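Enquirer: Before I ask anything, here is the structure I am working with.
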Amino acid sequence: MNTGKPKPMLVAGVMSGTSADGVDVAICRVSPALPKGAPRVKVLGYRSFAYDSKLRAAVLASMDAKQTSTAELARLSWRLGAVYAECVEITAHELKLKPQLVACHGQTIYHQATALPYLGQPVRCTWQIGEAALIAERLRVPVISDLRPADMAAGGQAAPLVPMLDFCLFRHATKNRLLLNLGGIANVAVLPAGCSVDEVLAFDTGPANMIADVCMKRLYGRRFDQDGAIAARGKVLDGVVAKLMQSSYFSALPPKSCGREEFGEAFVTRFIALCEGEGARKQDILATAIAFTTETILDAYRRFCLPHLGQRARTTELFAAGGGTRNATLMQRLHEGFSTLGVRVTTTEEAGVATEAKEAAAFALMGWLTWHGLPGNVPSATGATRPVVLGKISLA
Numbered sequence: 001m002n003t004g005k006p007k008p009m010l011v012a013g014v015m016s017g018t019s020a021d022g023v024d025v026a027i028c029r030v031s032p033a034l035p036k037g038a039p040r041v042k043v044l045g046y047r048s049f050a051y052d053s054k055l056r057a058a059v060l061a062s063m064d065a066k067q068t069s070t071a072e073l074a075r076l077s078w079r080l081g082a083v084y085a086e087c088v089e090i091t092a093h094e095l096k097l098k099p100q101l102v103a104c105h106g107q108t109i110y111h112q113a114t115a116l117p118y119l120g121q122p123v124r125c126t127w128q129i130g131e132a133a134l135i136a137e138r139l140r141v142p143v144i145s146d147l148r149p150a151d152m153a154a155g156g157q158a159a160p161l162v163p164m165l166d167f168c169l170f171r172h173a174t175k176n177r178l179l180l181n182l183g184g185i186a187n188v189a190v191l192p193a194g195c196s197v198d199e200v201l202a203f204d205t206g207p208a209n210m211i212a213d214v215c216m217k218r219l220y221g222r223r224f225d226q227d228g229a230i231a232a233r234g235k236v237l238d239g240v241v242a243k244l245m246q247s248s249y250f251s252a253l254p255p256k257s258c259g260r261e262e263f264g265e266a267f268v269t270r271f272i273a274l275c276e277g278e279g280a281r282k283q284d285i286l287a288t289a290i291a292f293t294t295e296t297i298l299d300a301y302r303r304f305c306l307p308h309l310g311q312r313a314r315t316t317e318l319f320a321a322g323g324g325t326r327n328a329t330l331m332q333r334l335h336e337g338f339s340t341l342g343v344r345v346t347t348t349e350e351a352g353v354a355t356e357a358k359e360a361a362a363f364a365l366m367g368w369l370t371w372h373g374l375p376g377n378v379p380s381a382t383g384a385t386r387p388v389v390l391g392k393i394s395l396a
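When the letters of the sequence shown are read in order and numbered with UniProt numbering, they come out as residues 1 to 396.
Listed below in structure tokens is the structure:
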């Protein structure tokens, strides 16, 4: 750790999300804040890598697993460490950049933000795997990993963490801004015009790509619905959407976070059964999954985001990122729904940040902050009692 004055560094951020489809690497130049400003992050380049089919199957099987072995989880963690190292190595070589630091999110295999009884005590926990020592040894640079537990130990949900980047890059003096990430789970950061970091609201709105992806696997044997083309041909079952919106998660106050534990295989089984009970065709099930995701986001905006924004600005913009931005049906529904609420929808590409690079860039920023002994969480987003330095350091 560098305890001296913060300095500019080239940092590789590594992200693998709840969709479990692969790895994103963004190499960024992170620089100290200007007077009265926030740290500056410039994405110099990025690459995306798909998990091969066997690795993806192993990752998905490990998530919220009811049956596995310690040997399987240990081997998977070390295998992922090697994969992350290779992805950074390839990215650095292709971009002709040499990172001075790597910040690796790891693969979440369990996330329980609400305390449940365990051995006589209430326990909350989160677990990201991917052996960081292996990355540090192969690349010969320090690695920051395991970034979520420190926030949870301080009373937070350990999610979402990306709002620190949202604040640094997207805060605007006169416009309200929403940053929506569409990964396996959807999360939103709310930045009122001219806000301080303490005024940022952020939370997981619910599932984004997760439900549609599992439906595609079960119904069509494919990993995802390319461009949302199948969903576009289907009929939305409004009754099913309304029934699912009764879940207590959607009315629960932020801060809150969710994952496959709430919206994974068991949820999809119930979802498909509800659709089939209405006589749905396969394409109708996909259309309803997209409509449900859209409604969870719009409902979150109406319930929580809009009151938080108040009357700070006349203009409100939403910048979307993540794999869900490639689903044209989802994006069209979001455009239509938000237009009636006076919100302009675009993607982070308009602001110069590639949609697939944003989360990896966020962890590059967090790694830089950790390396300099600076807090990386946003307590108003996670619910933590205080700002904390995130992660663990593996030295080469």
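From the three backbone atoms N, C-alpha and C, an ideal C-beta is built for every residue, glycine too.
Given the structure is predicted, the values throughout are model-derived calculations rather than measurements.
Bridge partners of His93, per DSSP?
Expert: Bridge partners of His93: none, in fact.
Enquirer: Kindly indicate which three-state DSSP category Gly221 falls into: helix, strand or coil?
Expert: In the structure shown, Gly221 sits in coil (DSSP, three-state: anything other than H, G, I, E or B).
Enquirer: Once DSSP output is grouped into helix, strand and coil, what is the label at Asp146?
Expert: Here Asp146 sits in coil by DSSP.
Enquirer: Tell me which residue opens and which closes the alpha helix (DSSP H) that Phe292 is part of.
Expert: Where Phe292 is concerned, the enclosing alpha helix (DSSP H) stretches over Lys282 to Ala300.
Enquirer: Where DSSP assigns a beta bridge to Phe49, which residues make up the other side?
Expert: For Phe49, which the question treats as bridged, DSSP gives the partners Val23.
Enquirer: Have a look at Thr329 and Ala159 and give me their C-alpha separation to the nearest angstrom.
Expert: Distance between the alpha carbons of Thr329 and Ala159 is about 27 Å.
Enquirer: For Pro35, count neighbouring C-beta atoms within 10 Å of its own C-beta (all shown protein chains included) and say buried if the count is 16 or more, exposed if not.
Expert: Its Cβ having fewer than 16 others within 10 Å, Pro35 is exposed.
Enquirer: Would you mind sorting Glu336 into buried or exposed? The rule is 16 or more other CB atoms within 10 Å of its CB.
Expert: Exposed: under 16 other Cβ atoms inside 10 Å.
Enquirer: Could you check if Pro117 is buried or exposed, using at least 16 other CB atoms within 10 Å of its CB as the buried criterion?
Expert: Pro117 comes out exposed.
Enquirer: Just the Cα atoms here: how many angstroms apart are Arg314 and Ala74?
Expert: Cα to Cα, the separation comes out at about 52 Å.
Enquirer: Would the stretch 309-327 count as touching the stretch 264-272 if we require 3 or more Cβ pairs under 8 Å?
Expert: At 8 Å Cβ cutoff, the stretches do not touch.
Enquirer: Over what stretch of residues does the alpha helix (DSSP H) that includes Phe170 continue unbroken?
Expert: Counting along the chain, the alpha helix (DSSP H) containing Phe170 begins and ends at Pro163 to Phe170.
Enquirer: Could you tell me whether the Cβ atoms of Thr316 and Arg148 are closer together than 9 Å?
Expert: Not in contact: Thr316 and Arg148 (Cβ atoms no closer than 9 Å).
Enquirer: Measure the Cβ-Cβ separation of Phe319 and Phe170 and say whether it is below 9 Å.
Expert: Yes, they are a contact pair.
Enquirer: Check whether the Cβ atoms of Thr18 and Gly259 lie closer than 9 Å to each other.
Expert: Cβ distance < 9 Å, so Thr18 and Gly259 count as in contact.
Enquirer: Between Pro207 and Ala381, which are expected to be in contact by the criterion C-beta below 8 Å, what is the C-beta distance as a whole number of angstroms?
Expert: Between Ala381 and Pro207 the Cβ distance is about 19 Å, and since that is not below 8 Å, they are no contact.
Enquirer: Among all the DSSP beta bridges, which residues are the ones paired with Val11?
Expert: Val11 pairs with Cys28 and Leu101.
Enquirer: Measure from the alpha carbon of Gly130 to the alpha carbon of each residue in Val14, Gly120, Phe250 and Gly367, then state which is nearest.
Expert: Cα-wise, what sits closest to Gly130 is Val14.
Enquirer: Below 6 Å CB to CB, which residues in the same chain sit around Gln283 once its five sequence neighbours on both sides are set aside?
Expert: Closer than 6 Å at Cβ, skipping near neighbours: Ile230, Arg233 and Gly234.
Enquirer: Determine the direct distance from the alpha carbon of Thr346 to that of Ser301, and round the result to whole angstroms.
Expert: Strictly speaking, residue 301 in this sequence is Tyr, with Ser absent from that position. In a straight line, the C-alpha of Tyr301 is about 16 Å away from that of Thr346.
Enquirer: Skipping 5 residues on each side, what residues in its chain have a beta carbon closer than 7 Å to that of Cys275?
Expert: These residues qualify, in order along the chain: Leu237, Val240, Asp284, Ile285 and Thr288.
Enquirer: Across which residues does DSSP place Lys42 in a beta bridge pair?
Expert: Answer by DSSP bridge pairing, in chain order: Arg29.
Enquirer: Can the beta-carbon of Val143 be found less than 9 Å from the beta-carbon of Gln100?
Expert: No; because the gap between Cβ atoms is not below 9 Å, this pair is not in contact.
Enquirer: Would you call Pro122 buried or exposed, if buried means 16 or more other Cβ atoms sit within 10 Å of its Cβ?
Expert: Under this definition Pro122 is an exposed residue.
Enquirer: Please return the same chain residues whose Cβ sits closer than 8 Å to the Cβ of Pro192, not counting the five positions on each side in sequence.
Expert: Counting only Cβ-Cβ distances below 8 Å, and skipping sequence neighbours, we find Asn176, Glu199, His308, Leu309, Gly310, Arg312 and Ala313.
Enquirer: Could you tell me whether the stretch 339-358 touches the stretch 215-229, where touching means 3 or more Cβ pairs closer than 8 Å?
Expert: With the cut-off at 8 Å, the stretch 339-358 and the stretch 215-229 do not touch.
Enquirer: From the DSSP secondary-structure annotation, give me the bridge partner or partners of Gln121.
Expert: Per DSSP, Tyr118.
Enquirer: Can you have a look at Asp52 and say buried or exposed, based on whether 16 or more other CB atoms are within 10 angstroms of its CB?
Expert: By the 10 Å Cβ count, Asp52 comes out exposed.
Enquirer: Ser394: buried (16+ other C-beta within 10 angstroms of its C-beta) or exposed?
Expert: So Ser394 ends up on the buried side.
Enquirer: Measuring only the C-alpha atoms, how far is Val268 from Val214?
Expert: Answer to the nearest angstrom: the Cα atoms are 7 Å apart.
Enquirer: Under 6 Å Cβ to Cβ from His111, same chain only, skipping five residues before and after it: list those, please.
Expert: Here the set comprises Thr126 and Gly259.
Enquirer: How about Val11 and Leu390: are their beta carbons less than 9 Å apart?
Expert: No.
Enquirer: Would the beta-carbon of Gly376 fall within 9 Å of that of Met1?
Expert: Not closer than 9 Å, so no.
Enquirer: If contacts are defined as beta-carbon pairs under 8 Å, then residue 397 and Ala26 qualify, I think. What distance do you get, rounded to the angstrom?
Expert: Coverage of the chain is limited to positions 1 through 396, which leaves residue 397 absent and any answer about it impossible.
Enquirer: Give a yes or no on whether the minimum CB-CB distance between Tyr110 and chain B is below 9 Å.
Expert: Going by chain labels, chain B is absent from the structure shown, which holds only one protein chain.
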